[in-house]
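Q: I am attaching a structure below and will ask some questions about it afterwards.
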Amino acid sequence: MLGLGKKKEEPKEEEAKDGEGENNGGDAKDSGKDDKKKNEVGSMKRGDYMIHIYIEEAKNLKTGGEGESVDPMVELNVLNQSKYTKAEENISGTGIAVWNEHIFFEPKNVEKDDLENGKIEIRLLDKGFFKDALIGYYEFDLSYIYLMEKHSMMHKWIIMSNPESENFGEVTGNLKLSITIAGNDDSQEQ
């Protein structure tokens, strides 16, 4: 069955390849326009934006030592505004912290330069009584996410590390999240 399926699909692929190389008057020109529209993601402009960050879960969290646990929470900083998830309690290093929290930033009248140079900073913290300890850190450029298809990155795992530790290259946890950025004229992926 699989072999027959391949034979049926191969001629279709060949026909498509042959058609792409031909110049049928205005057809090739129109085809190029369609490809450009399909691949175009837009550019960042001055205006109002909605930045939607969905924090899903974390795993493989580094703890202080064997048998210890952490109370992880996530701090997000976007264009000088910070927001936090709730803290999960007593998660062991091999455990999974699940948040499933949607966090929205809605900066207004943002300049193009601020958008192009802006960052999404993600800090994975161990909530403490007096002070929160950094477990891991990661950052994205706003423009990196905005220039992706549909201005979004969906359900991706990122590797966290602690730039403040002696071994800053050590993996201190993994965080799964989605990020979408929508401007005035954009639709937002949910």
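Residues 1 to 190 in full-length UniProt numbering are what the sequence shown lists, from first letter to last.
Heads up, the beta-carbon is just placed ideally off N, CA and C, and yes, glycines get one too.
1. What residue does the beta strand (DSSP E) around Leu115 start on, and which one ends it?
2. Enumerate in chain order the residues of its own chain whose CB-to-CB distance from Ile55 is below 6 angstroms, with the five nearest sequence positions on each side excluded.
3. Going by DSSP, what residue range makes up the alpha helix (DSSP H) through Ser43?
4. May I have the straight-line CA-CA distance separating residue 225 from Ala87, to the nearest angstrom?
5. Name the residue from Arg123, Gly128, Tyr146 and Glu166 whose alpha carbon lies nearest to the alpha carbon of Ile135.
6. Three-state secondary structure (DSSP) at Lys83?
7. Report the rounded CA-to-CA distance for Gly128 versus Ser152, giving the unit in angstroms.
8. Thinking Ile96 and Lys59 are a contact (beta carbons under 8 angstroms), I'd like their distance in whole angstroms, please.
9. Considering only the beta carbon of each residue, do Glu121 and Tyr49 sit closer than 9 angstroms?
10. Would Tyr72 and Asp126 qualify as a contact pair, given that the criterion is a beta-carbon distance under 9 angstroms?
11. Can you give the beta carbon distance from Tyr146 to Ile181, rounded, assuming they're within the 8 angstroms contact cut?
12. Could you check what DSSP says for Glu170 in three-state terms: helix, strand or coil?
13. Check the C-beta distance from Gly183 over to Asn109 and give it rounded, since I have them as a contact under 8 angstroms.
A: A quick look at the data gives this:
1. Looking up residue 115 in the sequence shown gives position 115. No beta strand (DSSP E) holds Leu115; the alpha helix (DSSP H) holding it covers Lys112 to Asn117.
2. Here residue 55 corresponds to residue number 55 of the sequence shown, with the count starting at 1. Around Ile55: Val74, Thr85, Trp99, Glu101 and Leu177.
3. The residue you call residue 43 lines up with position 43 of the sequence shown. No alpha helix (DSSP H) contains Ser43, which DSSP labels as neither H nor E.
4. Summary: the structure shown does not reach residue 225, with the chain confined to residues 1 through 190, and so no result is reported for it.
5. Residue numbering aside, residue 135 sits at position 135 when the sequence shown is read from its first letter. Checked all of Arg123, Gly128, Tyr146 and Glu166; the closest Cα to Ile135 is Arg123.
6. Locating residue 83 in the sequence shown gives position 83, where the first residue counts as 1. Lys83: strand per DSSP, three-state reduction.
7. In the sequence shown, counting from the first residue as 1, residue 128 sits at position 128. In the sequence shown, counting from the first residue as 1, residue 152 sits at position 152. Approximately 33 angstroms, taken between the alpha carbons.
8. For the purposes of this step, residue 96 is identified with residue 96 of the sequence shown, where counting begins at 1. For the purposes of this step, residue 59 is identified with residue 59 of the sequence shown, where counting begins at 1. Contact flag correct, Cβ pair sits at about 5 angstroms.
9. One-based indexing of the sequence shown puts residue 121 at position 121. One-based indexing of the sequence shown puts residue 49 at position 49. Not in contact: Glu121 and Tyr49 (Cβ atoms no closer than 9 angstroms).
10. Indexing the sequence shown from 1 puts residue 72 at position 72. Indexing the sequence shown from 1 puts residue 126 at position 126. Per the sequence presented here, residue 72 reads as Pro, with Tyr not at that position. Cβ distance < 9 angstroms, so Pro72 and Asp126 count as in contact.
11. Here residue 146 refers to the residue found at position 146 when the sequence shown is read from its first residue. Here residue 181 refers to the residue found at position 181 when the sequence shown is read from its first residue. Right, their Cβ atoms sit about 5 angstroms apart.
12. For the purposes of this step, residue 170 is identified with residue 170 of the sequence shown, where counting begins at 1. Here Glu170 sits in coil by DSSP.
13. Indexing the sequence shown from 1 puts residue 183 at position 183. Indexing the sequence shown from 1 puts residue 109 at position 109. Actually they do not touch by this definition, with Cβ atoms about 12 angstroms apart.
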